[in-house]
Amino acid sequence: MRVLVTGGAGFIGSHIVDALIARGAQTAVLDNLSTGRFENIDPRVNFYKGDLRDEKFVRDTLRSEKPDYVIHHAAQIDVQTSVDNPAADAAINIMGTINLLEACRACAVRKIIYASSAAVYGNPRYLPVDEKHPVHPLSGYGVSKHTVEHYLAVYQALYGLDYTALRYANVYGPRQDATGEGGVVAIFTDRLLRGQRCRIYGDGKQTRDFVFVGDVARANLAALEADSAAGSGVYNISTGLPTSVNELYNILREITGSGLEPEYCPPRAGDIEHSYLDERAAATGLKWRATRTLVDGLRDTVEYYKQTQD
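If you count the sequence shown from 1, position 55 lands on 55 in the UniProt record's numbering, and the numbers rise without skipping.
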């Protein structure tokens, strides 16, 4: 089995690469290292440094590797960038993905697994949010993620390119960047270990669905291996369990041994109060469920930051 992972030097992508190698897959990585790190790349993979916006580079990479499957994680991931510069966001997330889809079509790729996001849903109308929930993204990032889902369906209908789109909840774990668009787990962990106070916006009672990156990697492999009838389409990848920001902070404070109290700040405009996803479709269609408990996943994350902080 030959697999190409775009964004394979990044937080989630590098864990998928590790899981593929452990499974014995012949694996290659395409990444421009804008947010990914070279040290995340296993030396056993073929690495291609370049950008999805470069149509020739993408086509030549697939022609060279001849992958059976493509797992697509390369993206512009900063929500604020998508708001400030939607054209730049679309150039990467939409047009770059079209370059990849055209290369997949030309090179007879069997299936593409796509990293989508719960950002496509916008403000939940009901909880937990299932795949039938209305889609109403609140940022250019959410729009670009959902747009690609439509292109995937079109390429399947017109050209027979099988696909699975995975709508991630709040992914956390080792290798997540604690700066920029880093997730709240990475930011809290990094600051607590440095003896710095953490900011909580609002009262901290807002809830999120935190899923461990190792479970997300398994979901990608499950989607890759699922039969076409059951595995195609869109799936939420989540625990289905809401956790408040206050609860998250207190668990991390206990694990790190910090005595610091959080700094509560006014709520941010546009923040969603409660959000967690229904994961049952993935259990049926992909035979996948998250297995890592939040406490155990946070322990792994804290240990990683202890070893890698400068």
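Cβ atoms here follow ideal geometry from the backbone N, Cα and C, with glycine treated the same way.
**Sufficient close CB pairs (3 or more, under 8 Å) joining the segment 288 to 298 to the segment 205 to 213** = Under the three-pair Cβ rule at 8 Å, the segment 288 to 298 counts as touching the segment 205 to 213.
**Request:** Out of 162, 134 and 129, state which residue places its alpha-carbon closest to the alpha-carbon of residue 168.
**Result:** Nearest in C-alpha terms to residue 168, of all of 162, 134 and 129, is 129.
**Beta-carbon spacing of residue 77, residue 223 below 8 Å** = No, the pair does not count as a contact, with Cβ atoms beyond the cut-off.
**Item:** Those residues which DSSP pairs with residue 265 across a bridge
**Value:** In the DSSP assignment, residue 265 is bridged to 201.
**Cα-Cα separation between residue 275 and residue 64, rounded to whole angstroms** = CA-to-CA, the gap between residue 275 and residue 64 works out to about 42 Å.
**Prompt:** Is the Cβ-Cβ distance between residue 162 and residue 228 less than 8 Å?
**Reply:** Yes; because the gap between Cβ atoms is below 8 Å, this pair is in contact.
**Message:** Do residue 70 and residue 4 have their beta-carbon atoms positioned less than 8 Å apart in this structure?
**Reply:** In this structure, residue 70 lies closer than 8 Å to residue 4 by Cβ.
**Request:** Pick out whichever of 124, 56, 106 and 148 has its Cα sitting closest to the Cα of residue 89.
**Result:** If we check each option's Cα against that of residue 89, 148 comes out closest.
**Request:** Would you tell me roughly how many angstroms separate the C-alpha atoms of residue 45 and residue 29, rounded to the nearest one?
**Result:** Distance between the alpha carbons of residue 45 and residue 29: 7 Å.
**Prompt:** Taking the continuous beta strand (DSSP E) assigned at residue 165, which residues delimit it?
**Reply:** Residue 165 -> beta strand (DSSP E) spans 162 to 168.
**Whole beta strand (DSSP E) elements within the segment 239 to 294, 3-residue minimum** = Note on the segment 239 to 294: whole beta strand (DSSP E) runs with a minimum of 3 residues are 263 to 265, in chain order.
**Message:** Spatial neighbours of residue 120 within its chain, please: C-beta separation below 7 Å, excluding the five flanking residues on both sides.
**Reply:** Excluding sequence positions up to five before and after residue 120, its CB lies within less than 7 Å of the CB of 135, 137, 142, 145, 146 and 167, all in the same chain and listed in chain order.
**Request:** Indicate whether residue 115 and residue 72 have their beta-carbon atoms separated by less than 8 Å.
**Result:** Yes; because the gap between Cβ atoms is below 8 Å, this pair is in contact.
**Item:** Exposure of residue 80, with buried meaning 16 or more beta-carbon neighbours within 10 Å
**Value:** Classification for residue 80: exposed.
**Request:** Output the distance between the C-alpha atoms of residue 234 and residue 35, rounded to the nearest integer angstrom.
**Result:** Between the alpha carbons of residue 234 and residue 35 lies a gap of roughly 26 Å.
**Request:** Return helix, strand or coil for residue 66, following the three-state DSSP convention.
**Result:** Shown here, residue 66 sits in coil according to DSSP, grouped into three states, outside any helix or strand.
**Prompt:** How many whole angstroms separate the CB atoms of residue 207 and residue 174, which I take to be in contact at a CB cut-off of 8 Å?
**Reply:** In this structure residue 207 is not in contact with residue 174, their Cβ atoms being roughly 24 Å apart against a cut-off of 8 Å.
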